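Since the structure comes first, as structure tokens, the remarks are kept for the end.
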Amino acid sequence: MRPGVLTVYRWELRKLIALKRTYIGLFAAIGVPLAFTISLALRSGRPNDVPFGAYVHQSGLAIPLVLLTFASAFLLPLITALVAGDIVASEDQNGTLKTILTRSLQRGQVFFGKVLAALTYTLVSMVLLGGVAIIAGAMVSGFNSLTTLSGTTVSAGSALALVLASFGVYLIPLFTVALIGVMLSVVTRNSAAAVVGTLVTVLLIELIGILPGLESLQPYLLTRQFDAWQGLLRQPIDWSPIAHAAWVCALYCIPALVVGFLVFLRRDVAGG
Amino acid sequence: MSDTPVEARGLVKQYGRITAVDHVDLTVNRGDVYGFLGPNGAGKTTALRMMLGLIYPTAGSVRLFGRDPIGEGAAALDGVAGFVEAPRFYPYMSARTNMRMMAAYDGDEAPERVEEALETVELTGRADDKVGGYSHGMRQRLGIAAALLRRPNLLLLDEPATGLDPGGMRDMRTLIRRLADGGMTVLLSSHLLAEVEELCDRVAIIRAGRIVYEGAIHELKASAASAYRLRTSDNATALGVCQAQTGVAAARIEGADIRMEAGEPTIAELSVALIEAKLQITALVPEGATLEDLFFRLTEGSTPGEIEVPDRPAGVVGGTA
Chain X
930 MRPGVLTVYR WELRKLIALK RTYIGLFAAI GVPLAFTISL ALRSGRPNDV PFGAYVHQSG
990 LAIPLVLLTF ASAFLLPLIT ALVAGDIVAS EDQNGTLKTI LTRSLQRGQV FFGKVLAALT
1050 YTLVSMVLLG GVAIIAGAMV SGFNSLTTLS GTTVSAGSAL ALVLASFGVY LIPLFTVALI
1110 GVMLSVVTRN SAAAVVGTLV TVLLIELIGI LPGLESLQPY LLTRQFDAWQ GLLRQPIDWS
1170 PIAHAAWVCA LYCIPALVVG FLVFLRRDVA GG
Chain B
15 MSDTPVEARG LVKQYGRITA VDHVDLTVNR GDVYGFLGPN GAGKTTALRM MLGLIYPTAG
75 SVRLFGRDPI GEGAAALDGV AGFVEAPRFY PYMSARTNMR MMAAYDGDEA PERVEEALET
135 VELTGRADDK VGGYSHGMRQ RLGIAAALLR RPNLLLLDEP ATGLDPGGMR DMRTLIRRLA
195 DGGMTVLLSS HLLAEVEELC DRVAIIRAGR IVYEGAIHEL KASAASAYRL RTSDNATALG
255 VCQAQTGVAA ARIEGADIRM EAGEPTIAEL SVALIEAKLQ ITALVPEGAT LEDLFFRLTE
315 GSTPGEIEVP DRPAGVVGGT A
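As you go down the protein sequences, you meet chains X and B in turn.
For the record, in the first sequence the residue sitting at position 256 is 1185 according to the numbering used here, with numbers rising by one throughout.
For the record, in the second sequence the residue sitting at position 56 is 70 according to the numbering used here, with numbers rising by one throughout.
Below is the structure:
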């Protein structure tokens, strides 16, 4: 059998499983919603200033949605960057890139196998965070119907479907962060620089959004797309922010992917 | 498909103003155990990296069995294996898991050869230990094992015995000898003359990025000892014999000896001529440059262009293997 992208993908996952630092992000993805839910259960206060913050005691299904808003600022980009920024650079630093590039795999296959692994890690973190938030939320505030952003009420079953779909929409900008992380991982050849660089990129984009005079750029900022899921929580569902997020994210992630790919293809593997 | 394992032509690698590899031509023929000899920093590793397609040459070309590792990538590495600098593995996984991964990346029947390869380098007993706990010597052996998974026809090894203790060095050389005897073509870089002398039949000597000698090691040896001292029962008659022998130059009596300059084949013929002239030889010894002296002269001279290698200009590819 000839090795291919899937061979790399499978082994990248095995390597992630064998690495301790993989679990730091996963623990955060589990621990943060748990801690948040527990604190809600202990106190009667609620985060009124974020969407669905007012409903956290009425419906457990509001809790994962509140977490989406909180997590977009730092937590999920950080978890994503931890692995995406490391996935090529760590091989550079350990000198193992030359080891795998002198087997029977083309550089492009190695690159896309790694991209898939980074995206999978992002997806797993998201599933853990969402799953824990939904279950813990339902246990604390009940599996109840939910008031939408339009003021209407949807049944618990429909609300659950909308929450899951929201997490799906949220993955669009998060995958984009992952691809930026992989690109920086290829370009910087340094794990720390790539992880921090990814976060700084996200924070800088957010900063542009609050600078006076640059308001017109806001709809095109990557960080703004983290709110696109809110369109699902309107009645009728407003698809326009989701479609908008899709093409704006494409403007970020396609160049990141192309640059990462071309640099990986053309670069000298001189370390180690 | 060409039959020649390695053909490098005009290979150049520049880093800014520094020329790490400067127009290297190198031919390794099938069955060669080829020594790539030079001091540290001479450009051996950079040249090997270009041969494996890891870095892009500034100019020139490489062909491995006629295929281009730079243009074709890994597809050109069919039947080729080896490592540059120290072989590197994932320290947090066991040697066996590392080997399984390499085998998966090689494809075909490589996964079935994992145990056999571990056996060959005598690591079976430690195969479940994490590579992070391996000694340098064990990692070098694992590097060879990982190369063997590819069942290579050509093995490229970069300083395989460097950093090993004397026992480890001996074992490594024995292993390479065994692989070469099994029909594998080996290109071995080294900064140790003795290692190359022991293992290799052909050699390229590189200095400051340039090849200053390429050819059979015995020819290099022959040219090394170009001055001889002769002592016979009758030096006056012997001097005449020497002067009459073609290939002998500057023969003259110096004290109790005759000193002359000649190549090894000429000396062999001369010895017969002396016997035929009924002269008794009490001494016929090479003097002056040893192979080691020549190596240092080649690699430490002021500029490569000023070095004269007897009988064989630098960079010319030898005709016989």
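Idealized CB from N, CA, C, for every residue including glycine.
Source: prediction; values computed, not measured.
Asked                                                                                                            : Found
Length of the line joining the Cα atoms of Ser16/B and Asp82/B                                                   : 11 Å
Under the three-state DSSP convention, the category Ile267/B falls into                                          : strand
Residue closest to Val26/B, alpha-carbon to alpha-carbon, out of Val76/B, Asp46/B, Tyr48/B, Gly52/B              : Val76/B
Within chain X, partners of Val98/B - CB distance below 7 Å                                                      : Lys1027
Candidates Asn54/B, Leu298/B, Gly80/B: closest to Ala270/B by CA position                                        : Leu298/B
Cutoff 9 Å: Met1068/X Cβ touching any chain B Cβ                                                                 : no
Where Pro976/X sits in the DSSP three-state scheme                                                               : coil
Contact under 9 Å by Cβ, Lys235/B with Glu301/B                                                                  : no
6 Å Cβ shell around Gly57/B - same chain, five flanking residues per side excluded                               : Ala34, Val35, Ile220, Gly223
First and last residue of the uninterrupted beta strand (DSSP E) at Gln1159/X                                    : No beta strand (DSSP E) holds Gln1159/X; DSSP gives it neither H nor E.
Cβ distance (whole Å) where Phe1190/X is taken to contact Gly1037/X below 8 Å                                    : 7 Å
Exposure label - Lys1043/X; buried when at least 16 CB within 10 Å                                               : buried
Chain X contacts from the stretch 186-199 of chain B (Cβ-Cβ distance under 9 Å)                                  : none
Chain-ordered neighbours of Thr936/X on chain B, where CB pairs are closer than 7 Å                              : Ala118, Tyr119
9 Å Cβ cutoff, Thr111/B in contact with chain X                                                                  : yes
Local conformation of Asp36/B per DSSP, three classes                                                            : strand
Listed by chain order, chain B residues near Ser1033/X by CB distance under 9 Å                                  : Ala88, Ala89, Leu91, Asp92, Tyr119, Asp120, Gly121, Asp122, Ala124, Arg164
Per DSSP, the bridge partner or partners of Gly96/B                                                              : Leu170/B
Three-pair Cβ contact test at 8 Å for the stretch 942-950 of chain X versus the stretch 103-111 of chain B       : yes
Close Cβ partners of Ala1047/X (< 6 Å) along its chain, the five nearest in sequence each way excluded           : Val1012, Ala1013, Ile1016, Ala1107, Val1111
Residues near Asp1197/X in its chain [Cβ-Cβ closer than 8 Å; skip 5 each side]                                   : none
is_contact[Gly30/B, chain X] using C-beta, thresh 9 Å                                                            : no
Buried/exposed call for Tyr29/B, threshold 16 Cβ in 10 Å                                                         : exposed
Under the three-state DSSP convention, the category Gly146/B falls into                                          : helix
Outcome for Tyr1099/X when other beta-carbon atoms lying within 10 angstroms are tallied against a minimum of 16 : buried
Segment limits, beta strand (DSSP E) that includes Gly1097/X                                                     : Per DSSP, Gly1097/X belongs to no beta strand (DSSP E); it is in the alpha helix (DSSP H), 1085-1117.
Residues that DSSP places opposite Val20/B in a beta bridge                                                      : Val42/B, Leu78/B
Any C-beta of chain B under 9 Å from that of Asp1156/X                                                           : no
C-alpha distance - Ala61/B paired with Gly147/B, whole-angstrom precision                                        : 31 Å
Ile225/B, DSSP secondary structure in three states                                                               : strand
Under 9 Å by beta carbon: chain B residues contacting Lys944/X                                                   : Tyr104, Tyr106, Met107, Met115
Leu162/B versus Asp92/B: straight-line alpha-carbon distance, rounded                                            : 12 Å
Test: Tyr70/B CB closer than 9 Å to a CB of chain X                                                              : yes
Enclosing alpha helix (DSSP H) for Arg184/B [first to last residue]                                              : 180-195
Neighbouring residues, chain X, relative to Leu66/B (Cβ below 7 Å)                                               : Thr1031
Cα-Cα separation, Ala131/B to Pro1102/X                                                                          : 46 Å
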